[in-house]
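Numbering-wise, the sequence shown is residues -17 to 429 according to this note's numbering.
We put the CB at the ideal spot given by N, CA and C, even for glycine.
Since the structure comes first, as structure tokens, the remarks are kept for the end.
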Amino acid sequence: MPRSDAADSDSERACSCETHGPLNCAVVLFTRDLRVHDNPALAGAAREADRVVPLFVLEERLLAGSAPRARLLAAALHDLDRSLRRLGAALVVRRGDVAAETIRVVRESNAQAVFVAEDVSAYAHRREQRLSEQVEVRSFPGITVVPPGVVTPSGRECYRVFTPYHRAWAAMPWRAPEQRPARLTIADGVEVGDLPPSSSEGGETAARAGLERWLAEGDSLYAGLRDDLAADATSKLSIPLHLGLISPLEVATRSANRELVRQLAWRDFYAQLLAANTWSAGRDLNPRNGEWSDDPVGLAAWKEGLTGYPVVDAGMRELAATGFMHNRARMIVASFLTKDLNVDWREGAAHFASLLLDGDVASNTGNWQWAAGTGVDTRPGRIFNPTLQAQRYDRSGDYVRRWIPELRGIPGAAVHEPWRLGPLLGGGYPAPIVDHAAAAARYRARG
Ligand code: FAD
């Protein structure tokens, strides 16, 4: 083992959920469940197998994404390795194709099964399918609060309307969170491989500290402030949830805020929708009337935050600067792209996916389709008026001024309509690239 800092016997222990089971050895394939707490696949392997191989396969596409995302992942893997070492094991890292490398490790370790968290995308389904052709695969929950397919309407594979889904989701008994294994024994003779370099702290340890802070300080204020753009008072848990640094079930069971728990149900709703319709990551769930416009100039202005609509531009600049965007701003910019500019939602979803630190196929494409009017549970004919949205959700104008330096000299809510100021407007901020009233009339005429 080149990374030989021996597993210390840290007293930071949880329950003993380890009972030696019928398997000699199991590979635990980590994907986006990079944690040791409430990790059913890891806990299951600790119970069922004498020896485990905790494995992560670094695929090229994971490293080729945005640099901040690659940094988050690297920090998460280092932290997971430290946690596994405290339990007596280590993280085994391979590079290449996930199914091929996993099978190679199965052979090296003589493992009899692969334990993995069940996931919802077409990519995850293919991964599981390819593995199961060569080895026994045991799938576990952990990516969502309620696993996809567990609550279903009669006669259908998934819910397409949120309210009845939420009702059924909240009414069903949830599984009990899994304890961290007390001890793991790693299989002999498996090279651990090299972690990607990391210069920052992060991963599960930091995410758990963030969750504790949120529960102590933010949770109780959430319902009143979640739509206030300038307050920036949402949990930002989407980022650790995406990598599985914290368990969505743990958040849902520990949060006292019903509104926050309801948002987690939206996350599960889109996961069950994608699981049952994996093709919908790229195709309309409900076709709409009319053709999309080919508008490279409008699309570029939208991406750069230069549409002339301050709240749209503030959202797009927040995304470019931080890899995050407030949910209310996401809804406003998505409506603007798909309805004011009539540009295909796939362009917007791809741009989001390239920059968002929480970029998640199910939530991203589900929400984009909702905003574009091609999804489920969408109100037909709805188009957001960006100025009214800004006046309602950024009353002070502070969100816009935070992200658009050219407009910082304009006080109060006047910042939302800089075109009214005529010659006072300076700094090169553009005039609106489209007239919203005319765009809304065109959108409604398409029906
Ligand atoms: P909070 O308001 O604190 O909510 C708590 C948690 O609930 C979030 O962390 C998230 O896991 C979940 N949640 C909240 N709102 C939604 C929602 N509408 N749909 C699904 N889950 C939700 N979320 C992603 O995680 N990844 C994405 O790629 C993504 N793309 C989106 C694209 C568009 C066009 C829109 C309108 C929304 C998108 N969302 C996405 C949903 C939502 O905007 C983010 O989850 C939220 O802004 C994250 O911030 P937060 O953690 O502070 O949220």
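According to the Cβ coordinates, are residue 316 and residue 372 closer than 9 angstroms?
no
contact_flag[the stretch 36 to 49, the stretch 74 to 82] where n(CB pairs < 8 angstroms) is 3 or more:
Contact between the stretch 36 to 49 and the stretch 74 to 82 is present: three or more C-beta pairs spanning the two stretches fall below 8 angstroms.
For residue 253 versus residue 125, is the C-beta distance shorter than 9 angstroms?
Yes, the pair counts as a contact, with Cβ atoms nearer than the cut-off.
Where residue 503 falls: helix, strand or coil (DSSP)
The chain is shown from -17 up to 429; residue 503 falls before or after that span and cannot be answered.
Between which two residues does the alpha helix (DSSP H) containing residue 362 stretch?
From DSSP, residue 362 is part of no alpha helix (DSSP H); its letter is neither H nor E.
Can you say whether residue 135 is buried or exposed, counting buried as having 16 or more other CB atoms within 10 angstroms of its CB?
Result: exposed.
By Cβ distance, which residues of its chain are closer than 8 angstroms to residue 215, with the 5 residues on each side in sequence left out?
200, 203, 204, 207 and 208
Given residue 260, which residues of its chain have a CB within under 8 angstroms of its CB, disregarding the five upstream and five downstream residues?
Around residue 260: 102, 103, 104 and 107.
Is the CB-CB distance between residue 325 and residue 350 below 9 angstroms?
Cβ distance not < 9 angstroms, so residue 325 and residue 350 don't count as in contact.
Just checking, does the stretch 10 to 23 make contact with the stretch 217 to 235 on the three C-beta pairs under 8 angstroms criterion?
yes
Can the beta-carbon of residue 393 be found closer than 9 angstroms to that of residue 409?
No.
Residue 276 versus residue 398: straight-line alpha-carbon distance, rounded:
28 angstroms
Would you give the residue range spanned by the beta strand (DSSP E) that residue 138 belongs to?
Where residue 138 is concerned, there is no enclosing beta strand (DSSP E), given that its DSSP letter is neither H nor E.
Taking the alpha carbon of residue 97 as the point to measure from, which residue in 29, 66, 312 and 69 has its own alpha carbon closest?
Minimum Cα distance to residue 97 is reached at 29.
Measuring alpha carbon to alpha carbon, tell me which of 327, 272, 341 and 262 ends up nearest residue 301.
For residue 301, the nearest C-alpha among the options comes from 341.
Helix or strand or just coil, what does DSSP make of residue 97?
strand
Going by beta-carbon coordinates alone, are residue 292 and residue 400 separated by less than 9 angstroms?
yes
In chain order, what residues of the same chain lie with their CB nearer than 8 angstroms to the CB of residue 378, ignoring the 5 residues before and after it?
212, 394 and 395
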